[in-house]
Each structure stands twice: as C-alpha cells, then as structure tokens.
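Asks: Take this structure first; my questions come after.
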C-alpha cells in the first residue's frame, strides 16, 4: 500500500473557478467579492517534508477592459495573506491588448511565496504579443517556464514544477519540462489548457496538474 501525504493548494481565477485546485480563491459573481474555500488533496508517495505544502494558483487574469489592475491588487493581497509556500500563474494575463501587461506587471510583482512564484503562458499571451508578455514577466521578476522544469527543495523533499508552453498556440514539450527531474520528486505540471490532461496523466511521474483556460 502506497503511503499518502497531503498538499494544500490554493487557486485563484478571474471570470471563473479553476477545477483542479483544492483551496479556492475565487470571484463571487453575485457579490463581486473574492472568497476562499479550502480543500485537502491527497498525493501518493509524498515525501514527509512536502506534507502540508501550500500552493496558490492564479489563472486567466485577463487584465483589460473587464478586469482592472486595482482588482488584481486585491487578489494579490488575499493570495499573499494565505502565506503560500509556492505561487503559480497559469497564463492568460491579458485580454486583447498586450500592453495591458505594463499595468499588471507591478501588481503581480508583489506576489510572495516562501519558495518562489512561477509562471507559464496562455493562448491570449501568444495571440496578442508574447514579447511584451515576456518583458512584463521579466520586469515583475517572475520566472517564465516554457517547456522547462525547476526544483522546489523543501528539506529532503523535492517538488518539481514542470511548466509547459501553451497547448493551442505554442509547442508544449513534456519531455523537456521533465528533463532533470529527480526520480523521487513529486511532479506538478503547469499547463494552460487542460485539453491533454488525460494524455499527460499517463506519465506516472506527474502527481498533479494545474491548469486554467476553462474559466469554470
């Protein structure tokens, strides 16, 4: 019988709730207020050092005519108040204007997490102007994972964050994102569209997938 541990996750979505997260930070359409709902997710063969690890996820911010930077600021403040170990942003930072990233960058630069904040691209980021999005992330000081993985070392345990390129407009490469992952690491896959979630789940190394895009 495999030993089970638990990761506590956080999710934030604008215009919809992410389906894979287990502690939800979401927008209530009736009250226009952000709310938090906590759930615990079991992970097989989790290293004891990773038990209780908290991940906050924000996705599909779509800053622009409908979501203003001052509203995102409220979400950032609430996300930081959860004292996360890791924060991930899973794409679609702008709506139709890449220049909106200039307003968003100083806001998301305020995100804090004990072991770092990591980002990936979404389809809107590539459809508008990916160079502007990349420049915004650089200005915010946030690493952008495009078919790349990074280790999050917690004591003797390792959480491997594997970030994929956008599935619709990019060239996602799971092998590249997992290259260098320790055999005993718990791997979390960051992807924007969940379209290929079933296919990626066939890779036995992937313990968790965090996606956005569906807005609900």
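Residue numbers (this note's numbering): 671 to 886.
Ideal Cβ placement from N, Cα and C applies to all residues, glycine included.
Keep in mind it's a predicted model, so treat the numbers as computed, not measured.
1) Output the residue ranges of the alpha helix (DSSP H) runs that lie fully inside the stretch 785–866 and measure 4 residues or longer, sorted by chain position.
2) Can you tell me whether residue 778 is helix, strand or coil according to DSSP?
3) Considering residue 744, what are the terminal residues of the alpha helix (DSSP H) in which it resides?
4) Within this structure, are the beta carbons of residue 837 and residue 865 separated by less than 8 angstroms?
5) Would you call the stretch 819–826 in contact with the stretch 790–799, where contact means no fewer than 3 C-beta pairs closer than 8 angstroms?
6) Please return the same chain residues whose Cβ sits closer than 6 angstroms to the Cβ of residue 699, not counting the five positions on each side in sequence.
7) Along the chain, where does the beta strand (DSSP E) that runs through residue 758 open and close?
8) Does residue 872 come out as helix, strand or coil in the three-state DSSP assignment?
9) Helix, strand or coil for residue 768? Go by DSSP, reduced to three states.
10) Taking the beta strand (DSSP E) that residue 712 belongs to, which residues open and close that run?
11) With DSSP as the reference, identify every bridge partner of residue 878, one or two as the case may be.
12) Mind checking if residue 729 is an interface residue toward chain D, Cβ cutoff 8 angstroms exclusive?
13) Can you tell me which of the three DSSP states residue 673 falls into?
14) Taking the alpha carbon of residue 861 as the point to measure from, which residue in 753, 852, 848 and 853 has its own alpha carbon closest?
15) Out of curiosity, what's the CA-to-CA distance linking residue 843 and residue 850?
16) Just tell me which of 840, 855, 811 and 810 has its CA closest to the CA of residue 832.
17) Would you tell me roughly how many angstroms separate the C-alpha atoms of residue 656 and residue 770, rounded to the nearest one?
18) Can the beta-carbon of residue 810 be found closer than 8 angstroms to that of residue 778?
19) Taking only the alpha-carbon atoms, compute the straight-line gap between residue 710 and residue 759 and give it to the nearest angstrom.
20) Hey, residue 859 and residue 834 are a contact pair by Cβ (cut 8 angstroms); roughly how many whole angstroms apart?
21) Taking the alpha-carbon of residue 753 as reference, which of 783, 716 and 867 has the nearest alpha-carbon?
Replies: Well, looking at it:
1) 793–810 and 844–848
2) helix
3) 739–751
4) yes
5) no
6) Any reading at residue 699 must be qualified, since the residue scores a pLDDT of 48, below 50, and its modelled position is unreliable; the value itself is stated next. Closer than 6 angstroms at the Cβ level, and outside the excluded window around residue 699, lies no residue.
7) 756–760
8) coil
9) helix
10) 710–714
11) 858
12) You won't find chain D in this structure, because it holds only one protein chain.
13) Only weak support exists for where residue 673 lies, its pLDDT of 34 falling under 50; the value from the coordinates is given anyway. DSSP places residue 673 in coil when its eight states are reduced to three.
14) 848
15) 14 angstroms
16) 855
17) The first residue shown for the chain is 671 and the last is 886, placing residue 656 beyond what the model contains.
18) yes
19) 20 angstroms
20) 7 angstroms
21) 783
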